[in-house]
Amino acid sequence: MTSATALDGRRLAATVLLLRDSVDGLEVYVQERVSSMPTFPNTTVFPGGGVDPRDFLLDPSDNPLIGDSLEHWAQSLHVNQNQAQALLFAAVRELFEETGTFLVAFANGKRIGSAAPFHQQRIMLESHQMSLAEVLDDHNLKIRTDLLRPFARWHSPKQDRHQFDVFSFVAVQPPGQEPDGNTPEVASTGWFAPSLVLDGWRAGLLRLVLPTWAQLKALSHFNCVQDVLEHLKDPNMQPMSEHIAAGDYFEEFMTFQPPRRF
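In the UniProt record's numbering, the protein residues as written are 1 to 262.
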């Protein structure tokens, strides 16, 4: 299986909700996309992007993970093992490319600390000169799945030109690493309480798409990272869409009219 599409033809994609605890409570890392982006320009999003063929391992017998097995991840995500592996690779790769946060450890379990020594690999990943599998192999690294949890799954609305099957993960900020937002895809980045981002949306200061809004709303009910992780021991990964999201929970988003600022 080397196709980056799901069975229904949608392109597989991964987003990562990078979390940390602060003195004020739970915070999530968000970024505002530049106006030139083909999808969601000028929109506040989480790091992420589409799965591509380089995210699939050439040798299915390789074990790229420290933590839960691919079989476990496939069951949690409701996909086959090849797709689960590619989704994990896409999540880790996109987070590294867009923020410099690298969710890996050495194969012997030793933590990497700062990701700065892998700056050149970050550049080569972003320019498609290397695959994540090559980076892992060259430096004897494995993905730390103990820092990741499945969070949500969304399908693009049928009328959208770009059709995605998007798997969202939460990730715990690794000690010693700080996201830098050093990517041409974004205009601004930062750590915020989920409720504060929602307040900015209500005030017309930023744009959100429904999946991001729904995930921020879900996060706003938690006080710390550990609370989120405990809640996600058995996540609901059935796909959501705007067609399904018609109940009271989504009413605020569906009926929202941005305030006129000028």
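Virtual Cβ for every residue (Gly too), placed ideally from N, Cα, C.
#1: Does the ligand MN have a heavy atom nearer than 8 Å to the CB of His72?
#2: Cutting at 6 Å between CB atoms, please list the residues of its own chain near Trp191, excluding the five before and the five after it.
#3: If you count every other CB in all the chains shown that lies within 10 Å of the CB of Arg93, and 16 or more means buried, which is it?
#4: What does DSSP give as the partner residues of Pro150 in its beta bridges?
#5: Any contact between the region 132-148 and the region 94-110? By contact I mean 3 or more CB pairs, one from each, below 8 Å.
#6: Can you tell me whether Arg122 is helix, strand or coil according to DSSP?
#7: Can you give the Cα-Cα distance for Met1 and Pro258, rounded to whole angstroms?
#8: Can you give the Cα-Cα distance for Asp234 and Asp55, rounded to whole angstroms?
#9: Taking all protein chains shown into account, do 16 or more other C-beta atoms lie within 10 angstroms of the C-beta of Gly9, making it buried, or fewer, making it exposed?
#10: Answer with yes or no whether the minimum CB distance from Leu205 to chain C is below 9 Å.
#11: Drop a sphere of 10 angstroms on the beta-carbon of Gln85, count the other beta-carbons inside from all chains shown, and report buried for 16 or more, exposed for fewer.
#12: Just how far apart, CA to CA, sit Glu178 and Phe102?
#13: With DSSP collapsed to three states, give me the class of Met1.
#14: Work out the CA separation of Leu206 and Ala214 for me, nearest whole Å.
#15: Considering only the alpha carbon of each residue, which of Leu210, Phe222 and Glu230 lies closest to Tyr249?
#16: When you compare the CB positions of Gly176 and Arg111, do they come within less than 9 Å of one another, or not?
#17: Using the beta-carbon count (16 or more within 10 Å), is Gln226 buried or exposed?
#18: Cβ atoms of Leu95 and Leu196: under 9 Å apart, would you say?
#19: For Pro47, tell me which candidate among Gln159, Gln163, Leu65 and Ala187 has the shortest Cα-Cα distance.
#20: Could you tell me the alpha carbon to alpha carbon distance between Asp180 and Pro150, rounded to whole angstroms?
#21: Identify the residues that DSSP records as bridge partners of Met240: which are they?
#22: Taking DSSP as the reference, what is the three-state secondary structure of Gln31?
#23: I think Leu147 touches Ala171, with their Cβ atoms under 8 Å apart; what is that distance to the nearest whole Å?
#24: Who pairs with Asp21 in a beta bridge, going by DSSP?
#25: For the beta strand (DSSP E) containing Thr145, name the first residue and the last one.
#26: Is Thr15 helix, strand or coil when you go by DSSP?
#27: Is it the case that the Cβ atoms of Phe164 and Ala152 are separated by a distance below 9 Å?
According to the data block:
#1: Among the ligands in the structure shown, none appear at all, so the ligand MN cannot be discussed.
#2: By one-based count along the sequence shown, residue 191 stands at place 191. Contacts found: Glu27 and Tyr29.
#3: As a working mapping, residue 93 is identified with position 93 in the sequence shown. Buried, because 16 or more other Cβ atoms sit within 10 Å of the Cβ of Arg93.
#4: On the sequence shown, position 150 is the one that residue 150 refers to. According to DSSP, which records beta bridges pairwise, Pro150 is partnered with Phe169.
#5: Contact holds: three or more Cβ-Cβ distances are below 8 Å.
#6: Taking the sequence shown and counting its residues from 1, the one referred to as residue 122 is at position 122. Helix.
#7: For the purposes of this step, residue 1 is taken as residue 1 along the sequence shown, with counting starting at 1. For the purposes of this step, residue 258 is taken as residue 258 along the sequence shown, with counting starting at 1. Because the pLDDT of Met1 is 45, which lies under 50, any placement of that residue in the model is unreliable, and the question is left without a value.
#8: Residue mapping note: residue 234 aligns to position 234 of the sequence shown, counting from 1. Residue mapping note: residue 55 aligns to position 55 of the sequence shown, counting from 1. Spanning the two alpha carbons is a distance of roughly 26 Å.
#9: Within the sequence shown, the letter at position 9 stands for residue 9. Exposed: under 16 other Cβ atoms inside 10 Å.
#10: Protein chains in the displayed structure number just one, and chain C is not present.
#11: Indexing the sequence shown from 1 puts residue 85 at position 85. Gln85 is buried by the Cβ-count criterion.
#12: Counted from its first residue, the sequence shown places residue 178 at position 178. Counted from its first residue, the sequence shown places residue 102 at position 102. In a straight line, the C-alpha of Glu178 is about 10 Å away from that of Phe102.
#13: Stepping through the sequence shown from its first residue, residue 1 is reached at position 1. Its pLDDT being 45, under 50, Met1 is placed unreliably by the model, and nothing is read from it.
#14: Numbered from 1 along the sequence shown, position 214 holds the residue referred to as residue 214. Numbered from 1 along the sequence shown, position 206 holds the residue referred to as residue 206. Going by the C-alpha atoms only, they are around 15 Å apart.
#15: As a first step, residue 249 must be located in the sequence shown, where it is residue number 249. With respect to the C-alpha of Tyr249, the residue from Leu210, Phe222 and Glu230 having the closest C-alpha is Leu210.
#16: Against the sequence shown, residue 176 aligns to sequence position 176. Against the sequence shown, residue 111 aligns to sequence position 111. Yes; because the gap between Cβ atoms is below 9 Å, this pair is in contact.
#17: The sequence position of residue 226 within the sequence shown is 226, counting from 1. Burial call: exposed.
#18: One-based indexing of the sequence shown puts residue 196 at position 196. One-based indexing of the sequence shown puts residue 95 at position 95. 9 Å or more divides the Cβ of Leu196 from the Cβ of Leu95.
#19: Taking the first residue of the sequence shown as 1, we reach residue 47 at position 47. Of the listed residues, the one whose Cα sits closest to Pro47 is Ala187.
#20: As a position in the sequence shown, residue 180 is number 180, starting the count at 1. As a position in the sequence shown, residue 150 is number 150, starting the count at 1. Using only the alpha carbons, I get a separation of about 24 Å.
#21: Walking along the sequence shown from the start, residue 240 turns up at place 240. Note: Met240 is bridge-paired with Trp154 in the DSSP secondary-structure output.
#22: Taking the first residue of the sequence shown as position 1, residue 31 is located at position 31. For Gln31, the secondary structure class from DSSP, reduced to helix, strand or coil, is strand.
#23: Mapped onto the sequence shown, residue 147 falls at position 147. Mapped onto the sequence shown, residue 171 falls at position 171. Indeed they touch by this definition, with Cβ atoms about 5 Å apart.
#24: Position 21 of the sequence shown, counting from 1, holds the residue named residue 21. When DSSP reads this structure, Asp21 sits in a beta bridge with Leu26.
#25: Working through the sequence shown from its first residue, we reach residue 145 at position 145. According to the DSSP assignment, Thr145 belongs to no beta strand (DSSP E), since it is labelled neither H nor E.
#26: Indexing the sequence shown from 1 puts residue 15 at position 15. Strand at Thr15.
#27: Locating residue 164 in the sequence shown gives position 164, where the first residue counts as 1. Locating residue 152 in the sequence shown gives position 152, where the first residue counts as 1. Their beta carbons are not under 9 Å apart, which means Phe164 does not touch Ala152 by this criterion.
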